[in-house]
Structures are given as C-alpha cells and as structure tokens.
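Okay, structure first, notes after.
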Amino acid sequence: SSGHSLIQPQPRPPPELPNEILLQIIQTCPRLTLKNVRLASKNLAYMAEPYLWREIVLVPNDSCILGFIKELKRSKVTRHVTKLVYDARFGQFFTHLKTYPPDPGVQWPADDKARVEALLDRVSQGRFYPYEDMALEVAMLSKALRILPNTREIRVRDYEENSNAVVTKIPHFYQKLCRLSRVDPGKVNFTKMVGSNGRSYTKGIMTAAFSAGLRLQSLKSKNLDARALFGVVPMKSSAAYQQLCIFQAVMDSLRVLDLSFRNASLMSTACHLDCIQSLLKCARKLKTLTLRLTDYTTTRYQYPDDELSSELSILLESSTGAWLSRPLLPRLENLTIEACICHSEDLIHFLKIHAATLRRLELSNITLLGAEDRRECWVSLMKYFKNQLKLSHVSFSGWLTNGGRQHWFVAKDSVSEDRLKAKVERYIVDKHIPLCPLEPLAIQANQSDVGKPANGKEWEGDITWTMIYASRMGGDPMDWQLTVPVFGAPAPGEADPPSATEDDVQSITSEFVQEGWGEP
95 SSGHSLIQPQ
105 PRPPPELPNE
115 ILLQIIQTCP
125 RLTLKNVRLA
135 SKNLAYMAEP
145 YLWREIVLVP
155 NDSCILGFIK
165 ELKRSKVTRH
175 VTKLVYDARF
185 GQFFTHLKTY
195 PPDPGVQWPA
205 DDKARVEALL
215 DRVSQGRFYP
225 YEDMALEVAM
235 LSKALRILPN
245 TREIRVRDYE
255 ENSNAVVTKI
265 PHFYQKLCRL
275 SRVDPGKVNF
285 TKMVGSNGRS
295 YTKGIMTAAF
305 SAGLRLQSLK
315 SKNLDARALF
325 GVVPMKSSAA
335 YQQLCIFQAV
345 MDSLRVLDLS
355 FRNASLMSTA
365 CHLDCIQSLL
375 KCARKLKTLT
385 LRLTDYTTTR
395 YQYPDDELSS
405 ELSILLESST
415 GAWLSRPLLP
425 RLENLTIEAC
435 ICHSEDLIHF
445 LKIHAATLRR
455 LELSNITLLG
465 AEDRRECWVS
475 LMKYFKNQLK
485 LSHVSFSGWL
495 TNGGRQHWFV
505 AKDSVSEDRL
515 KAKVERYIVD
525 KHIPLCPLEP
535 LAIQANQSDV
545 GKPANGKEWE
555 GDITWTMIYA
565 SRMGGDPMDW
575 QLTVPVFGAP
585 APGEADPPSA
595 TEDDVQSITS
605 EFVQEGWGEP
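Note that the sequence shown covers residues 95 to 614 in the working numbering.
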C-alpha cells in the first residue's frame, strides 16, 4: 500500500442542451412521440405541453363534449389550447360500426360485451341529429369554449359531399369506440361513415363562440351548406336577422376566413350571397380570405344558361344597386377563390378596389360568363392582373373556362419553371416579361371566341396547362370533369337501447384525456 488513497474521478453529468435546441426538437416531434418526450424531465414537460395541447378535436356528440368539460374544467392545460377542430364528418359512424364483427382473436366475456353494447347505444343517442333544434349543441359547446379562453382558431369539418374522398385524421373519440367494440380502427372504412347532411355545425359552433365571448382570429369551414347555414327562405324573419347579427359579431376580430360552400347549395332566391356580403363587410381586419362559391365546371350543370348570374356582382352590389367604390375588406392581402361563376368585369372590379393591399391571388374552377355572340377572354384578364395589380404571387389550378374554346385544366402541384403553368404565373408577377405565354389563345377584337387555326392544328399547351377545345356551340359534347385525376388534380326510429350508467359513459372520456384530445 502506498498510503495514498486513490480518488476516483466522479462521472460528470451530460451537459444539458440549450432550450433553443430542445424547442426545435419539440416542434418537429410527431404528436405520439411528444407525449413520451414530456416525461423525460420537468423542463421538457414545461416546453412540450403548449405544443401537445395547442389543438383539440371535438365531435358533435354530448358524451364527447360533456366528457371533455368534466375532465378538463379544472385543468391548467386548457390555457394552452389555441385551436379547436369541430369534426362533424362521421354522421353514420354508429350505424356502420355495427356491421363490423369483433376481432375473433380477442376474448370478450359476455358481461363485458353486454356492458359495451349498452354503452355504445347510449353514446349513439348523444349525437346531434340533422334538422333538430341546435340549442343543446350550442349550450354544450359554449360551456366547453368558456374553459378554453385562449382559443383563436376554429376549424369545422362538415359533411363531405364526395363520398369517394380519402378520409384522414380520424378523431380519437371514434377510434376509442372502435377499440371498445374490439374492432381495429385501421381496418374500418371510415369513408362509408360520412353523412348526416341537413344540419350546419358551423352555425352551432359560431353561435357558441359568440356566447362564450371568444375573439377569434381564424375561422375555416369546409363543405358548408348555405341552406342550413342561412335558411332556404329569404332572410326577412327576425330570428334569421338575429342569427346573422351573431355571425357578424364573430367576423369582427377575424384575420383569416375560409368559407367553402358545398356545390349547388347557394340559392339566390334565399339571398345567400347577400348574407355572405354582410359577413364580409363586418370582417374589417381580415387579411386572408378563401371563398368557394359555385363550381359550374361539373357535368350536371348546363352552360351557357340565361338564368345564370355573376356571384361576384352580388357581393359587389351596394344598397343603391351600384358597384361598391370602397374596399369590402380594407386590409385584404391574400385572396383565394376556389370556385366561382362571374363576369370578368366583376372580378376585375373586386380586385381593383382591393389593389392597394392585395399581394397574393389564387384562382381555381372559375367560369367566366359571356354572351353567345361574345365570350370573355382569360388572356385579357391575365394582362389586367399584370398591369394593374401589384401581385407578388399568383396561382391558377383546376378548371378555367369562358364557356367556349378557352377551356383549360391547370395542374395544382408546383411545377418546374419551363412548364406552361409556371410561365403564365411568372408572366403576371414579373414586369420584365412583355409577352403572355397564352397570347395565341387570346380572343381577337373581331372574334366572338378563340379562332380555329387555318391549318387545323390546335395550340396544345402541356401537361400542366391542358387545352380542351370542345364547344357546345358546335354541338360537341363537353365533359367538364375528369373521370380520373391527372396532373396533380385534387384529386328513423330505433328501439330504445339498453341503459348504460353515467360512469360507463364517463369512463370513455377518462381514457380520452390520457391519450389526448388532439388529432393523432
């Protein structure tokens, strides 16, 4: 022994990463991973919770909404919620769930099976049916929103018209009910569960937001049925006027608005477009607007038709019947019109009165109205965009048509700069490009439509900007809709159920809280 005790060096703890690095990790983590990340340390939990709870998803069912209120009304995590998704797509969920047999590989005692079946019947009775009074829905949603005081964005996923669309982002509420029924959610065809037309869930959530006193900054509602939202009779009753006033109050604080109406649901006889104008007039702080009105490029509409009227003309009409001379939206910077039928002069005037602030424009599925003896010209319209607007970004997609030989399908995806779509869009924003790439397809002053070439060889475009020259005036059949998406196109009474106890119903919501109310 040397008499000197050897002192072993103590292992140093690993250095902690800077908060900036941890924050970047948290921001890029998938939701399921983020749930585990927050368990690593108090610091990570403190940083992860705002991201984990910033978005929640509710469905139109009293078990979901009341269960959410019961479990979280005293929780501190509700202060982190800034976005609420109200998913009303799956109105036929309970009907179709019964068609799936339980997993034969999982043991299911008879008592447990009876209890779950009674529970499912009870929960199925809690959904909000079409055409019924919405007072209960509004009362429950208002109470839920009051415990979410920092909610700034609401998104409504309403009944989807296209039953063949791919269904994504299934709410945990429905996934949990599948598991309770011993059915694998991954094997369930949720497309068949879409339904329950006839009720406007946007109407309910907007009324609840007004009741809760929320100052929303963003409202996005897809597949709106204007008949259910505004009514199918002229807006002259006191109740309809009061409801419109509630909608207008919600618009007051919005910066972002997306109103995408289901096709063929806007009725001029019911003053639906007048109601939309009333809403927009109250959105004085709005900077980003997305509108989807009527898409007349589908096969079930006949065009031209003397009864068709310009939708933008109604939005631009003042109380005296003349055009508005001041901006409808004085701060509008970004405008997206996903479907509309209008005259070119109406679109020009709408853009003109917003030219001082408008910087981004996206157009899709637009039909220009014109007389039989004179079609309206898309090329002239694009020249106006270039010369009179100060756009930093412009995008075209879907169908663009004048009802005649200017009938084009434009790819939605981003494309390389050598493609026609990119050239057209760059022409509009770049003042140094003098010649429009579509100049050969412009309507000349002495012509009613695009002239047919003398040699019979049509100008073809490319796969990003496809030309279709069929004309109804010549008697050719016109198919306005692709049968297969290409080039990046987006693409009563029941017997009383067995009773279930309140504890059974609330047991579902307790498990939801453990998994989180957000989307997977």
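No residue lacks a Cβ here, since even glycine has one placed at the ideal position from N, Cα and C.
Computed from a predicted structure; not experimentally measured.
For arginine 453, I'd like the list of residues in its chain whose CB is within less than 8 Å of its CB, leaving aside the five on either flank, ordered along the chain.
Sequence index remark: in the sequence shown, residue 453 carries index 359 (1-based). Within the same chain, arginine 453 has close Cβ partners Glu427, Asn428, Lys484, Leu485, Ser486 and His487.
Have a look at serine 565 and serine 372 and give me their C-alpha separation to the nearest angstrom.
As a first step, residue 565 is located in the sequence shown; it is residue number 471 there, counting from the start. As a first step, residue 372 is located in the sequence shown; it is residue number 278 there, counting from the start. Legend: pLDDT at serine 565 = 46, less than 50; position of this residue unreliable, value from coordinates given subsequently. Each residue's alpha carbon lies about 38 Å from the other.
Cβ-Cβ distance between alanine 377 and leucine 351 below 8 Å
Numbered from its first residue, the sequence shown carries residue 377 at position 283. Numbered from its first residue, the sequence shown carries residue 351 at position 257. Closer than 8 Å, so yes.
As assigned by DSSP and simplified to three states, the class of leucine 210:
Taking the first residue of the sequence shown as 1, we reach residue 210 at position 116. Correcting the residue type first, residue 210 is valine in the shown sequence and not leucine. Correct three-state label for valine 210: helix.
Take proline 534 as the anchor and find which of Lys515, Val473, Lys517 and Lys314 has the nearest alpha-carbon.
Counting from 1 along the sequence shown, the entry for residue 534 is found at position 440. That would be Val473, whose Cα lies nearest to the Cα of proline 534.
Rounded to a whole number of angstroms, what is the C-alpha to C-alpha distance between leucine 455 and leucine 348?
Numbered from 1 along the sequence shown, position 361 holds the residue referred to as residue 455. Numbered from 1 along the sequence shown, position 254 holds the residue referred to as residue 348. Distance between the alpha carbons of leucine 455 and leucine 348: 19 Å.
If you run the structure through DSSP and keep just helix, strand and coil, what is serine 305?
Counting from 1 along the sequence shown, the entry for residue 305 is found at position 211. Serine 305: helix per DSSP, three-state reduction.
Out of Met287, Ile248 and Met561, state which residue places its alpha-carbon closest to the alpha-carbon of glutamine 186.
Stepping through the sequence shown from its first residue, residue 186 is reached at position 92. Among Met287, Ile248 and Met561, the Cα nearest to that of glutamine 186 is on Met287.
C-alpha distance - glutamate 114 paired with arginine 132, whole-angstrom precision:
Taking the first residue of the sequence shown as position 1, residue 114 is located at position 20. Taking the first residue of the sequence shown as position 1, residue 132 is located at position 38. Distance between the alpha carbons of glutamate 114 and arginine 132: 16 Å.
Buried or exposed (CB count within 10 angstroms, at least 16 for buried), isoleucine 527:
Reading the sequence shown from its first residue, position 433 is the one you call residue 527. Exposed, by the Cβ-count rule.
Hey, quick one: how far does the beta strand (DSSP E) through cysteine 434 stretch, first residue to last?
Position 340 of the sequence shown, counted from the first residue, corresponds to residue 434. Segment 428-436, the beta strand (DSSP E) holding cysteine 434.
Taking all protein chains shown into account, decide if arginine 309 is buried (16 or more other Cβ within 10 angstroms of its Cβ) or exposed.
In the sequence shown, the residue the question calls residue 309 occupies position 215. Classification for arginine 309: exposed.
Are leucine 128 and leucine 117 closer than 8 Å when you measure CB to CB?
Taking the first residue of the sequence shown as position 1, residue 128 is located at position 34. Taking the first residue of the sequence shown as position 1, residue 117 is located at position 23. Contact: no.
I'd like the list of long-range same chain contacts for leucine 367, defined as Cβ closer than 7 Å, with 5 residues on each side in sequence excluded.
Here residue 367 is taken as the residue at index 273 of the sequence shown, counted from 1. The residues are Leu360, Glu405, Ile408 and Leu409.
How about aspartate 156 and methionine 234: do their beta carbons lie closer than 8 Å?
Start at 1 with the first residue of the sequence shown, and residue 156 comes out as number 62. Start at 1 with the first residue of the sequence shown, and residue 234 comes out as number 140. Yes.
How would you label tryptophan 493, buried or exposed, when you count the other beta carbons within 10 angstroms and need 16 or more for buried?
In the sequence shown, residue 493 corresponds to position 399, counting from 1. Flag for tryptophan 493 reads buried.
Just the C-alpha distance for isoleucine 119 and histidine 174, rounded to the nearest angstrom, thanks.
The sequence position of residue 119 within the sequence shown is 25, counting from 1. The sequence position of residue 174 within the sequence shown is 80, counting from 1. The straight-line gap from Cα to Cα measures roughly 19 Å.
Residue(s) in a DSSP beta bridge with arginine 148
Here residue 148 is taken as the residue at index 54 of the sequence shown, counted from 1. None; arginine 148 has no bridge partner.
Straight-line CA distance for glycine 498 to alanine 433?
As a working mapping, residue 498 is identified with position 404 in the sequence shown. As a working mapping, residue 433 is identified with position 339 in the sequence shown. One C-alpha to the other measures close to 18 Å.
Say whether the region 160-168 touches the region 270-288, bearing in mind that this needs 3 or more beta-carbon pairs closer than 8 Å, one atom from each stretch.
no
Would you mind reading off the limits of the beta strand (DSSP E) that contains threonine 384?
The count along the sequence shown starts at 1 and reaches residue 384 at position 290. Here the beta strand (DSSP E) through threonine 384 covers 382-386.
Per DSSP, alanine 465 forms a beta bridge with which residues?
The residue labelled residue 465 in the question sits at position 371 within the sequence shown. BP columns for alanine 465 point to Arg468.
Keeping to the same chain, check which residues put their C-beta closer than 8 Å to that of isoleucine 241; ignore five residues upstream and five downstream.
Locating residue 241 in the sequence shown gives position 147, where the first residue counts as 1. Counting only Cβ-Cβ distances below 8 Å, and skipping sequence neighbours, we find Ile163, Leu166, Lys167 and Thr172.
Would you call the region 136-143 in contact with the region 212-221, where contact means no fewer than 3 C-beta pairs closer than 8 Å?
Remark: fewer than three beta-carbon pairs, one from each stretch, lie closer than 8 Å, so the region 136-143 and the region 212-221 are not flagged as touching.
Enclosing beta strand (DSSP E) for tyrosine 180 [first to last residue]:
Taking the sequence shown and counting its residues from 1, one reaches residue 180 at position 86. Segment 177-181, the beta strand (DSSP E) holding tyrosine 180.
Inspect the beta-carbon positions of arginine 249 and alanine 182 and report whether they are closer than 8 Å.
Residue mapping note: residue 249 aligns to position 155 of the sequence shown, counting from 1. Residue mapping note: residue 182 aligns to position 88 of the sequence shown, counting from 1. Not a contact, by the Cβ cut-off of 8 Å.
On the DSSP bridge assignment, give the partners of tryptophan 502 in chain order.
Translated into positions along the sequence shown, residue 502 becomes position 408. Answer is Leu494 and Met561.
Would you grab the beta carbon distance between phenylalanine 503 and isoleucine 562 for me? Rounded to a whole angstrom, and I think it's under 8 Å.
As a first step, residue 503 must be located in the sequence shown, where it is residue number 409. As a first step, residue 562 must be located in the sequence shown, where it is residue number 468. Going by Cβ atoms, the distance from phenylalanine 503 to isoleucine 562 rounds to 7 Å, so yes, they are a contact pair.
Report the rounded CA-to-CA distance for serine 419 versus leucine 230, giving the unit in angstroms.
Position 325 of the sequence shown holds residue 419. Position 136 of the sequence shown holds residue 230. Going from the Cα of serine 419 to the Cα of leucine 230 covers about 43 Å.
Does the distance from the CB of arginine 246 to the CB of glutamine 201 come in under 8 Å?
Counted from its first residue, the sequence shown places residue 246 at position 152. Counted from its first residue, the sequence shown places residue 201 at position 107. Their beta carbons are not under 8 Å apart, which means arginine 246 does not touch glutamine 201 by this criterion.
Quick check on DSSP: helix, strand or coil for threonine 393?
Walking along the sequence shown from the start, residue 393 turns up at place 299. Confidence at threonine 393 is low in this model, with a pLDDT of 43, below 50, so the placement of that residue should be treated as unreliable; the coordinate-derived value is given next. Here threonine 393 sits in coil by DSSP.
Under 8 Å, do leucine 514 and threonine 558 count as touching if we go by C-beta distance?
Within the sequence shown, numbered from 1, the residue matching residue 514 stands at position 420. Within the sequence shown, numbered from 1, the residue matching residue 558 stands at position 464. Contact flag set, yes.
So the beta strand (DSSP E) phenylalanine 267 belongs to, where does it begin and stop?
Taking the sequence shown and counting its residues from 1, one reaches residue 267 at position 173. Boundaries around phenylalanine 267 are those of the alpha helix (DSSP H), 266-274, since no beta strand (DSSP E) includes it.
In or out: serine 508 buried (at least 16 other Cβ within 10 Å) or exposed?
Sequence index remark: in the sequence shown, residue 508 carries index 414 (1-based). Burial check for serine 508: the Cβ neighbour count within 10 Å stays below 16, so the residue is exposed.
What number of angstroms, rounded off, separates the C-alpha of leucine 271 from the C-alpha of lysine 525?
Residue 271 sits at position 177 when you count from the first residue of the sequence shown. Residue 525 sits at position 431 when you count from the first residue of the sequence shown. The alpha-carbon atoms of leucine 271 and lysine 525 are separated by roughly 58 Å.
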